[in-house]
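Everything below concerns the one structure shown next.
Numbering (this note's numbering), first residue to last: 14 to 355.
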């Protein structure tokens, strides 16, 4: 397993190096930070433009939407709204969980990374256009998402929980898993709840996670799963150390569980044997591999041939699936003519 994870660790060794000319200016920004910032900026622009096109299309009386007289005209977008959207996406989770765990969110301590995301946003907005999401492009960026997400779920979250001054918090597996869930998902949750990416005025709406099939969203369950796996391999808390021992049979063939004999002399006492801790870099690489597999699978479901999947793969595809069935039913019943319900 270690040899299979070597390329992942090599990528981290390369991309976590500070960028030279920015370091000279006193800004500690790694290549991974920069790639993640541009990735988010492109995705947000794709979503804004996509929702705007869809809004205009349905407002014009398309069979899948309502007539134009029922739709308000698109609101002229302000730059401040787009900037706020970027910051909410990135730091919404920290802003929520920080007061409960008693730590200062990173954007209050250091402005380098927030400015990096805003600079990436500004540069992407200057482009005449951004490419549409395709299977090939999204499959590549899904791997990038796995690398950037692992930094949050494996480095940031376990540290702020296990270093808490209260043992009731630092040793609580529930706190660790809940922190991962909230920190990774609160930003998108607020972004969609307040319709920040829509071409309409800011308003409350049901976020995708609370819609039908919302519980199947990969981003929702992957966060606590990965943080829990990392904590299990690294023995971040006593509970996860015991869990690593209980799952020894599962992890051992993968090279992620080795017996350690703390009292070993020439004749080791088997009763004193414990499962050795996996080093953090290897554990993080395992998490990257799992997330990359999950994200690429989601990409293939969303952008690959529909014949491969006979069930909705996400909230977006579920809604399109229902909308498509409704449209076909209306067309069969009314000969393709629009009705008041459309």
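Backbone N, C-alpha and C define an ideal beta-carbon position, used for all residues, glycine too. Note that the structure is predicted; figures quoted are calculated from it, not measured.
query: Nearest-angstrom Cα separation, counted from residue 93 out to residue 30; result: 32 angstroms
query: Inter-residue Cα distance where the pair is residue 119 and residue 105; result: 11 angstroms
query: Neighbourhood of residue 308 by C-beta, 6 angstroms cutoff - its chain only, sequence neighbours within 5 removed; result: 155, 158 and 159
query: Between the CA atoms of residue 235 and residue 312 - distance to the nearest angstrom; result: 15 angstroms
query: For residue 188 and residue 174, believed in contact at Cβ under 8 angstroms, the rounded distance; result: 6 angstroms
query: Alpha helix (DSSP H) segments (min. 4 residues) lying fully within the region 30-104; result: 33-37 and 44-72
query: Span of the alpha helix (DSSP H) around residue 164; result: First-last for residue 164: undefined, no H or E at that position.
query: Proximity test, residue 265 beta-carbon vs the ligand GTP heavy atom, cut-off 8 angstroms; result: Because no ligand of any kind appears in the structure shown, any question about the ligand GTP cannot be addressed here.
query: Within the region 150-217, ranges of the alpha helix (DSSP H) (whole runs, at least 4 residues); result: 170-175, 180-183 and 186-206
query: Buried/exposed call for residue 230, threshold 16 Cβ in 10 Å; result: buried
query: Buried or exposed (CB count within 10 angstroms, at least 16 for buried), residue 326; result: Low confidence applies here, because residue 326 scores a pLDDT of 45, under 50, leaving its location unreliable and the question unanswered by this model.
query: Beta-carbon gap between residue 201 and residue 102 smaller than 9 angstroms; result: yes
query: Residue 301 versus residue 163 - alpha carbon distance; result: 6 angstroms
query: CA nearest to the CA of residue 203, picked from 193, 190 and 222; result: 222
query: Minimum C-alpha distance to residue 214 - residue among 88, 115, 27 and 23; result: 88
query: C-beta atoms of residue 244 and residue 171 nearer than 9 angstroms; result: yes
query: Residue span of the alpha helix (DSSP H) that contains residue 243, given as start and end; result: 231-247
query: Beta-carbon separation (whole angstroms), residue 35 vs residue 42, contact threshold 8 angstroms; result: 5 angstroms
query: Reduced DSSP secondary structure (H/G/I, E/B, other) of residue 111; result: helix
query: Simplified DSSP assignment, three categories, for residue 227; result: helix
query: Status (buried if at least 16 other CB within 10 Å, exposed otherwise) for residue 263; result: exposed
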